[in-house]
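Everything below concerns the one structure shown next.
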Amino acid sequence: MTRIRKVLVTGADGFIGSHLTEELVRRGYDVRAFVMYNSFNSWGWLDHAAADVQGKFEVFAGDIRDPHGVSEAMKGCDAVLHLAALIAIPYSYHSPDTYVDTNIKGTLNVLQAARNQGVRKVVHTSTSEVYGTALYVPIDEKHPLQGQSPYSASKIGADQMALSFYRSFELPVGIIRPFNTYGPRQSARAVIPTIITQLAAGKESIRLGAIHPTRDFNYVKDTVRGFIHMLESDQCIGEVINIGSNFEVSIEDTVAFLQEILGTDAEIVSDDVRIRPSLSEVERLWADNRKASELLSWQPEFAGVEGFKRGLRETAEWFVDPINRSGYKAGIYNI
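Take the sequence shown: its position 43, counted from the start at 1, is 43 in full-length UniProt numbering, and no numbers get skipped.
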């Protein structure tokens, strides 16, 4: 494919987006980071970008729900990596309208702008939550889609909108479907930071929701490499591709691994407010990543038990630093 030089990253101020922005800069891309406008002029995690990339990317503050702003941000870009989304499942029970506006209409704005401006590649971000509880494992890309929360339903809609633009207008779209990404900077609304921040705060008991469900955790470095493989390959056009470790682990076992790493034996206390409605809880996720291997030559570097523990150690090291943890409220449930 023609060399892509200038890349727009939406959601660049977030957890995965900030790591991706840094890695793109390191690889020599000209990056425009789309961040959520706010009156504090905060760039989210990009305010804390690594020293070697600070000042080496452009920032555009806007709102993914605003089609004019999205179009302005995309001018002159060869490709778009679209990560901007609302992702918290509990908050989607509270405010589902915002998920439709941000995740579906926001994606439509990206697709329309990319079509109008002749962008050469759009990588749209999906989520393993669209599969719902596994009907079979490992989960490949042909698995049925099940909207078990307003969040997952909105992402199914966004994914289908992206595919419709490929089929209707030949827009060069590829869909990346990461499984449960974890790592430094992740919000405490996710389970691994929830566990670590409570353990690191020295709590004798940690409050969690259901601990029996299983997940396929994907370390952020592997997820970022997946995005870059999607960006650099034409094999993903019109395709949905899982990015996962092909390793299934329960939340309970994840707690045990982190207790071992942090040297604590805090007990687990079930917190009713953290329990999803029974039909909304995704009980089992386990990625089949063969398509990513075949089309993108991507393989997880943090796979299996030892790879997972290595990623957990790197994550825990970041969260244990009081400076990094200062923005987290370990005693409050973050929806």
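Note that the Cβ used here is the ideal one computed from N, Cα and C, for glycine as well.
What are the boundary residues of the alpha helix (DSSP H) that includes SER245? Stepping through the sequence shown from its first residue, residue 245 is reached at position 245. That residue, SER245, is in no alpha helix (DSSP H); it is neither H nor E in DSSP.
For the beta strand (DSSP E) containing MET34, list its first residue and its last residue. By one-based count along the sequence shown, residue 34 stands at place 34. A small fix is needed here, since residue 34 is Phe in this sequence, not Met. Segment 30-36, the beta strand (DSSP E) holding PHE34.
Minimum C-alpha distance to residue 336 - residue among GLY202, GLU232, ASP101 and PHE57: Any answer about residue 336 is impossible in this case: the structure gives the chain only from 1 up to 335.
Note the first and the last residue of the continuous alpha helix (DSSP H) segment covering ALA256. The count along the sequence shown starts at 1 and reaches residue 256 at position 256. Element bounds for ALA256: 251-262.
Would ALA79 and ARG120 be called neighbours here (beta carbons separated by less than 8 Å)? On the sequence shown, residue 79 is found 79 positions in, with the first residue counted as 1. On the sequence shown, residue 120 is found 120 positions in, with the first residue counted as 1. Yes.
Taking contact to mean at least 3 C-beta pairs separated by less than 8 Å, is the region 258-268 in contact with the region 188-200? Enough Cβ pairs lie closer than 8 Å, so yes.
Nearest by alpha-carbon distance to ILE176: which of GLN186, ALA162, ARG189 and PHE302 is it? Numbered from 1 along the sequence shown, position 176 holds the residue referred to as residue 176. Selected option, being the one with the closest Cα: ALA162.
Would you list the one or two residues that DSSP bridges to ILE237? Position 237 of the sequence shown, counted from the first residue, corresponds to residue 237. Bridge partners of ILE237: none, in fact.
Counting pairs of beta carbons, one from the region 243-260 and one from the region 211-222, are three or more of them closer than 8 Å? The way I'd put it, the region 243-260 does touch the region 211-222; three or more beta-carbon pairs between them come closer than 8 Å.
For GLY209, I'd like the list of residues in its chain whose CB is within less than 6 Å of its CB, leaving aside the five on either flank, ordered along the chain. On the sequence shown, position 209 is the one that residue 209 refers to. So the qualifying residues of the chain are ARG274 and ILE275.
Between GLU204 and chain C, is the shortest Cβ-Cβ distance under 8 Å, so that the two count as touching? No chain C is part of this structure, which consists of one protein chain only.
Distance check for ILE268 and LEU83, CA to CA, integer angstroms please. Along the sequence shown, one-based indexing puts residue 83 at 83. Along the sequence shown, one-based indexing puts residue 268 at 268. Roughly 33 Å between the two C-alpha positions.
Starting from the Cα of residue 337, find the closest Cα among TYR333, SER128 and GLY106 and give me that residue. An answer regarding residue 337 cannot be provided, because it is not within the stretch 1 to 335 covered by the chain.
For the putative contact between TRP286 and GLU248, defined by C-beta atoms under 8 Å, what is the C-beta separation to the nearest angstrom? By one-based count along the sequence shown, residue 286 stands at place 286. By one-based count along the sequence shown, residue 248 stands at place 248. Confirmed, Cβ separation roughly 4 Å.
Would DSSP call GLY174 helix, strand or coil? Taking the sequence shown and counting its residues from 1, one reaches residue 174 at position 174. Strand, per DSSP.
Are the CB atoms of GLY14 and ARG65 within a distance shorter than 8 Å? Position 65 of the sequence shown holds residue 65. Position 14 of the sequence shown holds residue 14. Not a contact, by the Cβ cut-off of 8 Å.
Compute the Euclidean distance between the alpha carbons of GLY157 and GLU204, then round it to the nearest angstrom. Here residue 157 is taken as the residue at index 157 of the sequence shown, counted from 1. Here residue 204 is taken as the residue at index 204 of the sequence shown, counted from 1. Put simply, the backbone Cα of GLY157 is about 42 Å away from that of GLU204.
Nonlocal neighbours in the same chain, by C-beta distance under 8 Å from LEU295, ignoring five residues either side: In the sequence shown, the residue the question calls residue 295 occupies position 295. The answer, listed in chain order, is SER233, GLN235, CYS236, GLU239 and ILE241.
Would you report the Cα separation of LEU8 and TYR91, rounded to the nearest angstrom? Taking the first residue of the sequence shown as position 1, residue 8 is located at position 8. Taking the first residue of the sequence shown as position 1, residue 91 is located at position 91. When rounded, the distance between both Cα atoms is 27 Å.
Per DSSP, which one or two residues make a beta bridge with TYR182? Numbered from 1 along the sequence shown, position 182 holds the residue referred to as residue 182. Beta-bridge analysis with DSSP links TYR182 to TYR219.
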